[in-house]
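**Q** According to my numbering, the sequence shown is numbered sequentially starting from 84. Below you will find the structure I want to go over with you.
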Amino acid sequence: MRKPPFASPTAGSRLRLRLVALAAWFAVAAAASAAEPMVEPDIRTDDVDRFYALYAATDGKPDAAQLDEYLAQGTDSLKQFAQLRRVTGERIAAQMAADPVMYRDARECMKLLPRVKRRVAASLRTLGELYPRSKFPPVAIVVGRGKPVGITNPAGVTIGLEALCAADFMNPDPEDRFVRVIAHEYAHIQQPAAAQDLEPGDPRASVLGMSLTEGGAEFVAELIAGGVANPGLAVRVRGRERDVGEAFLREQDDRDFSRWMFNYRKGSDEPYDQGYWVGYRISRAYYERAADKRAALARILEMPDAKAFLRESGWVPGE
Numbered sequence: 084m085r086k087p088p089f090a091s092p093t094a095g096s097r098l099r100l101r102l103v104a105l106a107a108w109f110a111v112a113a114a115a116s117a118a119e120p121m122v123e124p125d126i127r128t129d130d131v132d133r134f135y136a137l138y139a140a141t142d143g144k145p146d147a148a149q150l151d152e153y154l155a156q157g158t159d160s161l162k163q164f165a166q167l168r169r170v171t172g173e174r175i176a177a178q179m180a181a182d183p184v185m186y187r188d189a190r191e192c193m194k195l196l197p198r199v200k201r202r203v204a205a206s207l208r209t210l211g212e213l214y215p216r217s218k219f220p221p222v223a224i225v226v227g228r229g230k231p232v233g234i235t236n237p238a239g240v241t242i243g244l245e246a247l248c249a250a251d252f253m254n255p256d257p258e259d260r261f262v263r264v265i266a267h268e269y270a271h272i273q274q275p276a277a278a279q280d281l282e283p284g285d286p287r288a289s290v291l292g293m294s295l296t297e298g299g300a301e302f303v304a305e306l307i308a309g310g311v312a313n314p315g316l317a318v319r320v321r322g323r324e325r326d327v328g329e330a331f332l333r334e335q336d337d338r339d340f341s342r343w344m345f346n347y348r349k350g351s352d353e354p355y356d357q358g359y360w361v362g363y364r365i366s367r368a369y370y371e372r373a374a375d376k377r378a379a380l381a382r383i384l385e386m387p388d389a390k391a392f393l394r395e396s397g398w399v400p401g402e
């Protein structure tokens with residue numbers, strides 16, 4: 084019997100239509116993917132170049148007025164860094180007089196930046212694949228007063244070249260140090276909790292919450308860049324892991340977290356930033372237990388409920 088002009092297609096023709104549609108969809112997706120640029124972080128070094136031009140012109144001894152001019156003519160990142168961390172020409176000059184080697188060595192660290200940029204780009208591509216909601220603001224490398232190593236806010240990451248170059252207590256390999264610290268800071272860019280910039284005593288802050296924020300960023304650095312930003316932390320708690328973990332659980336709700344983080348003292352062999360280490364171990368335990376790794380990474384970054392996360396991680400002191 085002859086089919087009417089508008090008869091329904093057979094199963095075979097329906098399959099062919101689906102295959103054609105699917106092939107067309109893949110072609111469009113491939114074209115869109117090819118057109119989409121790869122994640123290439125904008126690592127800005129203008130302020131470093133200007134600083135070391137001044138350094139060379141003054142035989143390594145710029146005065147406070149010249150350094151104030153360096154700050155005034157700087158990028159928005161440098162100006163914000165100076166404002167938030169009380170960096171002034173006078174303070175830079177004082178640090179340069181006290182530790183001239185720091186600034187001399189930092190000029191050598193500049194040579195690492197091309198390789199650092201390539202490795203950071205690869206790490207951020209991995210982050211974008213694993214966490215599609217990732218944001219990639221610029222990284223600015225600047226020169227300051229010897230501290231801090233860096234700051235992070237929604238506008239981007241700012242790294243103090245001289246401070247990070249001198250921070251060999253974190254990692255003796257300077258290239259790894261730069262790559263993994265930047266990866267850690269990019270994790271903070273994705274964390275709603277980090278964007279709040281909570282201070283000790285804030286009712287929203289606790290030892291547990293702050294440790295999971297910082298430790299989660301350490302885990303993300305390991306996941307996307309091959310290692311944590313500060314492997315020295317594990318060395319300093321070696322043999323005391325259970326004691327540290329039990330103390331952490333006892334104090335997890337404390338609002339004063341100064342015993343657990345931001346307490347490094349130069350020249351001291353005492354453990355420091357132990358909250359980073361415990362938070363990293365909890366985050367890693369959660370990730371390893373999770374069947375859906377992408378969902379686990381999103382939970383680590385977004386951390387809607389720190390208490391529930393701790394319970395679900397399965398972590399216990401000593402692990």
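Ideal Cβ placement from N, Cα and C applies to all residues, glycine included.
According to DSSP, is ALA110 helix, strand or coil?
**A** Unreliable placement is indicated for ALA110, whose pLDDT of 42 sits below 50; the coordinate value is still reported in the next sentence. DSSP places ALA110 in helix when its eight states are reduced to three.
**Q** Measure the alpha-carbon distance for ALA204 versus LEU196 and round it to whole angstroms.
**A** 12 Å
**Q** Taking 8 Å as the threshold (C-beta atoms), are SER294 and VAL361 in contact?
**A** yes
**Q** Compute the distance between the beta-carbons of THR296 and ALA317, then report whether it is under 8 Å.
**A** no
**Q** Give the DSSP bridge partners of ARG127, in chain order.
**A** ARG127 is bridged to ALA223.
**Q** Just to confirm, are GLY233 and GLU268 a CB contact at a threshold of 8 Å?
**A** yes
**Q** Please go through the region 263-314 and give each complete alpha helix (DSSP H) segment of 4 or more residues, from N-terminal end onward.
**A** 275-278, 290-308
**Q** Thinking C-alpha only, which one of ILE265, PRO275, ARG348 is nearest PRO237?
**A** PRO275
**Q** Bridge partners of VAL240, per DSSP?
**A** VAL222, THR235
**Q** Based on Cα-Cα distance, which residue from GLY143, ARG208, TYR214 lies nearest to ALA180?
**A** Nearest option by C-alpha distance: GLY143.
**Q** Beta-carbon separation of VAL170 and ARG228 under 8 Å?
**A** yes
**Q** If you measure between the beta carbons of ALA266 and VAL226, is that distance less than 8 Å?
**A** no
**Q** Expressed to the nearest angstrom, what Euclidean distance is found between the alpha-carbon atoms of ALA389 and ASP336?
**A** 11 Å
**Q** Can you tell me whether ARG340 is helix, strand or coil according to DSSP?
**A** As written in the sequence, residue 340 is Phe, which differs from the Arg given in the question. Residue state, collapsed to three classes: coil.
**Q** In chain order, what are the residue ranges of uninterrupted beta strand (DSSP E) at least 3 long that sit wholly in the region 321-386?
**A** Runs of the beta strand (DSSP E) inside the region 321-386: none found.
**Q** Leaving out five residues on either side along the sequence, give the residues of the same chain with a beta carbon under 6 Å from the beta carbon of ALA308.
**A** SER206, VAL262, ARG263, ALA266
**Q** Name the two residues that bound the continuous alpha helix (DSSP H) containing THR209.
**A** Here the alpha helix (DSSP H) through THR209 covers 196-213.
**Q** Return the chain-ordered list of same chain residues with a C-beta closer than 7 Å to the C-beta of TYR183, the five sequence neighbours on each side being excluded.
**A** Strictly speaking, residue 183 in this sequence is Pro, with Tyr absent from that position. Here the set comprises GLY143.
**Q** Do the CB positions of ALA249 and ASP188 come within less than 8 Å of each other?
**A** Yes, these two residues count as a Cβ contact at 8 Å.
**Q** So, do the region 148-167 and the region 216-225 have three or more beta carbon pairs nearer to each other than 8 Å?
**A** By the Cβ test, the region 148-167 is in contact with the region 216-225, since at least three Cβ pairs between them sit closer than 8 Å.
**Q** Count Cβ pairs between the region 371-384 and the region 327-347 that sit closer than 8 Å; are there 3 or more?
**A** no
**Q** CA-CA distance, LEU213 and TYR186?
**A** 38 Å
**Q** DSSP on MET121, reduced to helix/strand/coil?
**A** Below a pLDDT of 50, predicted positions are generally treated as unreliable, and MET121, at 49, falls in that range; the measurement from the model is reported next regardless. MET121 falls in the coil class under three-state DSSP.
**Q** Does the distance from the CB of TRP398 to the CB of ALA368 come in under 8 Å?
**A** Taking 8 Å as the Cβ cut-off, TRP398 and ALA368 qualify as a contacting pair.
**Q** Compute the Euclidean distance between the alpha carbons of PRO354 and GLN178, then round it to the nearest angstrom.
**A** 26 Å
**Q** What residue range does the alpha helix (DSSP H) around GLU173 cover?
**A** 172-181
**Q** Whole-angstrom Cβ separation of SER366 and GLY299, contact assumed at under 8 Å?
**A** 5 Å
**Q** Tell me the residue span of the alpha helix (DSSP H) that contains SER160.
**A** 159-167
**Q** Measure from the alpha carbon of LEU244 to the alpha carbon of each residue in PRO400, TYR135, ASP356, GLU371, then state which is nearest.
**A** TYR135
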